[in-house]
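Input: a single structure, listed below in structure tokens.
2 protein chains.
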Amino acid sequence: MEHLTLAQFLGILIAMLGSARLCGWLARKLGQPAVLGELIAGVIVGKSVLGLVDPKVEVIHLMAELGVILLLFTIGLETDLRQLLRVGPTSAVVAVAGVALPFVLGFLVMKAFGSSNIIAIFAGAALTATSVGITARVLSDLGQLHADESQVILGAAVIDDVIGLIILSLVSGLAQGQELSFLGVGKTAGLAIGFLVVVILVGRIVVPPITRRLARLTMEEGTAIVPALLLALGLAWLADLLGSAVILGAFAGGMLLVGTPQHHDIETSVIRLGAFFVPLFFVSVGAALDVTTLNPLDSRNHGTLLIAACLTLAAVAGKYVCGYAAWWFKGNKQLIGVGMIPRGEVGLIFAQIGLSSKLLDEGQFAAIAIVVMATTFIAPPWLKALMPDIHKEGAPEELVAIAELTSHE
Amino acid sequence: MEHLTLAQFLGILIAMLGSARLCGWLARKLGQPAVLGELIAGVIVGKSVLGLVDPKVEVIHLMAELGVILLLFTIGLETDLRQLLRVGPTSAVVAVAGVALPFVLGFLVMKAFGSSNIIAIFAGAALTATSVGITARVLSDLGQLHADESQVILGAAVIDDVIGLIILSLVSGLAQGQELSFLGVGKTAGLAIGFLVVVILVGRIVVPPITRRLARLTMEEGTAIVPALLLALGLAWLADLLGSAVILGAFAGGMLLVGTPQHHDIETSVIRLGAFFVPLFFVSVGAALDVTTLNPLDSRNHGTLLIAACLTLAAVAGKYVCGYAAWWFKGNKQLIGVGMIPRGEVGLIFAQIGLSSKLLDEGQFAAIAIVVMATTFIAPPWLKALMPDIHKEGAPEELVAIAELTSHE
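Protein chains in written order, with the numbering used here: chain A, 31 to 439; chain B, 31 to 439.
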């Protein structure tokens with residue numbers, strides 16, 4: 031872990047925020063969501079091109095994590111629990127199908143390339159978890175968070191993160207030579223589900239009276255955000271301590287504040303705080319990718335590229351089809367499948383565990399990284415292209431109106 | 031440098047923000063500025079009591095530095111350059127007197143205790159620099175930033191930081207066995223003054239057309255802050271690279287944006303971002319202090335306490351008197367002197383350099399730390415007690431009205 035001077039730290043922040051700003055603005059000029067620009071900004075300032083930003087540096091890593099926590103907190107603040115529960119069964123089916131299909135397809139691809147069972151399980155598992163951060167940000171950029179399809183996608187992405195965590199704990203065990211344990215599977219799943227249920231049940235009773243009391247205290251300008259932030263950070267911390275995902279805690283924290291008197295104030299402040307932290311996360315994701323392994327002119331990359339292409343196809347097809355798993359859903363099923371495509375941090379964590387435990391070689395590691403990269407870059411423009419359909423197919427007038435009102439564009 | 035997990039990082043943030051919030055609220059309940067509560071919060075969560083927060087951990091240190099940068103940026107956003115230039119000569123006289131008197135008094139105290147010349151120079155130098163952060167925050171908490179006295183204090187504190195930097199570079203040289211060089215003194219002083227003059231002259235021409243152009247671009251909600259933040263971070267970075275103080279850059283950045291069309295939006299957003307970062311700075315300052323060296327029941331502390339008491343007296347008297355150096359100033363001269371009393375990070379840096387170069391022993395180091403602690407705790411309630419006078423003595427009706435309008439209470 032490198033020691034940073036203040037000047038180096040400021041320089042890195044300037045490079046990350048400046049490039050994110052510029053590329054995000056260009057992406058929007060080209061009719062794409064800003065997050066695509068921020069990922070490209072990460073590729074540019076990261077090791078692939080300029081080498082200015084190393085996302086493994088502790089302070090950058092931790093501030094990027096704060097970014098994803100704030101992002102999920104904002105999403106939680108815009109999530110109507112009743113609507114989420116209404117789409118709950120649909121989300122669950124989409125999530126389960128969206129984990130199973132890419133896993134099986136990824137497993138088969140690796141077996142076809144002659145890999146061992148354990149490597150095939152690893153590669154399949156790395157394809158399972160949707161990056162809720164990227165999809166949520168795209169939906170938010172497009173002003174579509176309140177559409178039924180978006181709620182199904184977000185619900186499924188949250189469930190799929192829970193499943194991803196379970197698989198991760200299993201696969202980490204495999205990497206250490208442990209055998210699969212039903213007890214371990216049950217414990218991880220129970221913790222994540224129990225955490226969400228308990229937090230929401232208890233929070234619905236405890237949070238409103240506290241926020242009413244806080245509303246009566248005099249506060250300095252702009253500091254009403256701090257108690258809300260403490261709730262989000264506290265639940266994220268608790269989730270992490272319990273062995274669950276921090277983003278579950280942050281998301282639950284946001285949902286608990288929906289409908290409180292300070293809801294609007296808090297959201298305004300969190301968005302401003304997020305304007306600083308959230309781009310750090312997306313630039314970090316971009317900076318972690320090494321695009322030199324994509325150069326097709328270098329014949330050493332051909333094997334990796336072929337595996338990567340097949341895995342990417344498996345990753346995209348698996349999620350695309352899962353949108354149709356909820357056959358009874360009246361909205362745009364294609365949109366749901368495409369919304370589930372982006373992989374991100376969880377996929378990269380799988381790849382990193384595989385590499386550090388010597389199960390995956392450099393090529394297999396790069397192939398998984400390329401899948402994450404490709405799915406991340408494919409989804410935003412695809413979602414954007416599909417979005418006009420939401421207005422034509424099935425979305426009630428009222429939802430379209432809300433979506434337009436809350437649009438940030 | 032300890033490696034932090036995400037859960038540890040979140041836990042530290044929660045401890046810092048939560049205790050700052052609670053103690054800040056209690057301080058206000060008792061009629062004191064919130065910053066006093068935040069410093070006490072730091073003592074509680076720091077090594078003196080709970081040991082939860084170590085301000086030397088890289089990520090905490092760097093985020094606290096961002097806090098002081100944002101604080102000075104906010105102060106800059108509320109600083110009228112014309113008013114500052116009007117009080118400029120007064121500030122300069124106060125600053126020079128406020129550096130010279132504590133230095134001489136501190137030097138004499140250490141000689142009286144039988145110290146060598148170099149140790150006496152070190153201790154005297156550690157008493158010179160006012161902590162502009164603490165004073166500015168108190169004045170802001172009291173809604174008095176626009177009063178003439180406040181402008182004199184801020185101007186003097188900025189000048190005094192420049193002088194402090196020069197002395198620091200000289201004393202560091204001494205600690206390494208170098209001799210005093212007039213060339214070195216001139217270079218450090220020239221850089222700091224030149225930086226401010228060039229940035230303000232160039233910025234006054236370059237910044238307004240850029241902000242007008244940016245105002246015409248569509249932006250996502252809440253992200254108008256990013257270009258402004260890039261200006262502040264960029265100037266802070268530049269100041270640091272040139273060997274000057276980051277806070278000079280941040281302060282200049284704020285001043286350049288006064289009067290631009292986005293001024294109000296930027297200020298609103300920076301205050302919200304500051305609500306997160308600024309308390310981290312004050313809690314860090316509190317957490318760095320070891321109050322166990324103050325225990326008078328432990329006879330091992332008596333020598334240290336006696337030196338500390340004499341140095342504190344020298345530190346307080348030296349700055350108190352400097353308020354009267356500008357004999358022609360019509361405002362409250364006592365208020366100016368008291369506003370210059372708080373020492374902070376710069377004093378602690380002196381102490382740390384002295385300790386690590388083996389010039390100061392543990393007792394002398396602790397004595398300087400106690401001076402920083404004592405002056406920091408004395409000034410806020412004293413300023414608060416003096417503040418009603420500003421309304422009685424000499425402040426024009428108009429300024430009182432502005433002060434009341436901009437009051438955050």
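Even glycine gets a Cβ: it sits at the ideal position worked out from N, Cα and C.
Own chain residues within Cβ distance below 7 Å of residue i, not counting five before or after
{"i": "A:I197", "result": "A155, T158"}
{"i": "A:S274", "result": "L195, L221, A222, F225"}
{"i": "B:I149", "result": "M140, L389, L390, Q394"}
{"i": "A:A404", "result": "T342"}
{"i": "A:W412", "result": "V368"}
{"i": "B:P372", "result": "T160, S161, I164, T165, T405, T406, A409"}
{"i": "A:V447", "result": "Examination of residue 447 of chain A is not possible in this model, given that chain A is present from 31 through 439 alone."}
{"i": "A:A122", "result": "I189"}
Within-8 Å CB hit, residue i to chain A
{"i": "B:E88", "result": "yes"}
{"i": "B:F395", "result": "no"}
{"i": "B:L435", "result": "Residue confidence for B:L435 is low, a pLDDT of 41 falling below 50, so the modelled location carries little weight; the figure read from the coordinates is stated next. No - not a single Cβ of chain A is within 8 Å of the one on B:L435."}
{"i": "B:V256", "result": "yes"}
{"i": "B:L34", "result": "yes"}
{"i": "B:S299", "result": "yes"}
{"i": "B:I105", "result": "no"}
{"i": "B:I383", "result": "no"}
Contact with chain B by residue i, beta-carbon distance below 8 Å
{"i": "A:G41", "result": "yes"}
{"i": "A:I277", "result": "no"}
{"i": "A:I240", "result": "no"}
{"i": "A:H293", "result": "no"}
{"i": "A:M31", "result": "Confidence in A:M31 is poor, its pLDDT being 43 and thus under 50, which makes the residue's placement unreliable; the coordinate value appears in the next sentence. Closer than 8 Å to some Cβ of chain B, the Cβ of A:M31 qualifies, so yes."}
{"i": "A:A37", "result": "yes"}
{"i": "A:I164", "result": "no"}
{"i": "A:I44", "result": "yes"}
Contacting residues, own chain, Cβ-Cβ under 8 Å from residue i (five flanking each side not counted)
{"i": "A:I223", "result": "V192"}
{"i": "A:K414", "result": "G61, Q62, P63, V168, L172"}
{"i": "B:W267", "result": "V276, G279"}
{"i": "A:G118", "result": "G185"}
Whole-number beta carbon distance between residue j and residue i, since they are thought to touch under 8 Å
{"i": "B:A50", "j": "B:V313", "result": "5 Å"}
{"i": "A:A254", "j": "A:T334", "result": "Not really, about 51 Å apart at Cβ, beyond 8 Å."}
{"i": "A:L107", "j": "A:V300", "result": "7 Å"}
{"i": "A:V126", "j": "A:G353", "result": "Rounded, the Cβ-Cβ distance is 13 Å, inconsistent with contact."}
{"i": "A:A94", "j": "A:F311", "result": "4 Å"}
{"i": "B:A57", "j": "B:L66", "result": "5 Å"}
{"i": "B:G490", "j": "B:L131", "result": "In this structure chain B extends from 31 to 439, so residue 490 of chain B is not present and cannot be described."}
{"i": "A:V75", "j": "A:V83", "result": "5 Å"}
{"i": "A:G41", "j": "A:M370", "result": "Not quite, the Cβ-Cβ distance comes to about 37 Å (not below 8 Å), so this is no contact."}
{"i": "A:L115", "j": "A:I151", "result": "At roughly 34 Å, the Cβ-Cβ gap does not stay under 8 Å, so A:L115 and A:I151 are not in contact."}
{"i": "A:I366", "j": "A:I183", "result": "6 Å"}
{"i": "A:V237", "j": "A:T298", "result": "Actually they do not touch by this definition, with Cβ atoms about 19 Å apart."}
{"i": "A:L69", "j": "A:V315", "result": "6 Å"}
{"i": "B:I337", "j": "B:F39", "result": "Not quite, the Cβ-Cβ distance comes to about 38 Å (not below 8 Å), so this is no contact."}
{"i": "A:A317", "j": "A:K77", "result": "7 Å"}
Cutoff 6 Å; reference residue i; Cβ partners in own chain excluding five residues on either side
{"i": "B:G284", "result": "F103, G106, L107"}
{"i": "B:A71", "result": "S49, A50, C53, V313"}
{"i": "A:T109", "result": "M285"}
{"i": "A:I44", "result": "none"}
Original post:
Do the segment 88 to 108 of chain B and the segment 81 to 94 of chain A make contact, defined as three or more Cβ pairs closer than 8 Å?
Top reply: Counting Cβ pairs under 8 Å, three or more are found: they touch.
Subject >> Against chain A: residues of the segment 258 to 274 of chain B by CB proximity under 8 Å >> reply: Taking 8 Å as the cut-off between beta carbons, the residues of the segment 258 to 274 of chain B near chain A are L259, L260, L263, G264, A266, W267, D270, L271, in sequence order.
**OP:** Closer than 9 Å, Cβ to Cβ, to anything on chain B: give me those residues from the segment 46 to 61 of chain A, in chain order.
**Re:** For the segment 46 to 61 of chain A, which is checked against every Cβ of chain B, the residues closer than 9 Å are L47, G48, A50, R51, G54, W55, R58.
Original post:
Between the segment 318 to 352 of chain A and chain B, which residues of the former have CB atoms less than 7 Å from a CB of the latter, in chain order?
Top reply: From the segment 318 to 352 of chain A, no residue has a Cβ closer than 7 Å to chain B.
Original post:
Does the segment 306 to 323 of chain A come within contact of the segment 393 to 409 of chain A, defined as at least 3 CB pairs closer than 8 Å?
Top reply: A contact between stretches requires three or more CB pairs, one per stretch, nearer than 8 Å, and the segment 306 to 323 of chain A meets this requirement with the segment 393 to 409 of chain A.
Original post:
Counting Cβ pairs, one atom from each stretch, are 3 or more of them under 8 Å apart for the segment 334 to 347 of chain A and the segment 138 to 157 of chain A?
Top reply: Yes, the segment 334 to 347 of chain A touches the segment 138 to 157 of chain A.
**OP:** Check distances from the C-beta atoms of the segment 301 to 312 of chain A to those of chain B and list, in chain order, the residues that come in under 7 Å.
**Re:** So the list reads I301, R302, L303, A305, F306, given in the order they occur along the chain.
**OP:** Check whether the segment 350 to 370 of chain B touches the segment 174 to 186 of chain B, counting contact only when three or more Cβ pairs, one atom from each stretch, lie closer than 8 Å.
**Re:** Cβ pair count under 8 Å is three or more, so yes.
Original post:
Which residues, in chain order, does the segment 91 to 103 of chain B contribute to contact with chain A at a C-beta distance below 7 Å?
Top reply: When C-beta distances to chain A are compared with 7 Å, the residues of the segment 91 to 103 of chain B below that value are L92, E95, in chain order.
Subject >> Contact list for the segment 397 to 420 of chain A against chain B, Cβ threshold 9 Å >> reply: Listed in sequence order: no entries.
**OP:** Using a Cβ-Cβ cut-off of less than 7 Å, give me the residues of the segment 61 to 83 of chain B that come near chain A, in sequence order.
**Re:** Listed by position along the chain: A64.
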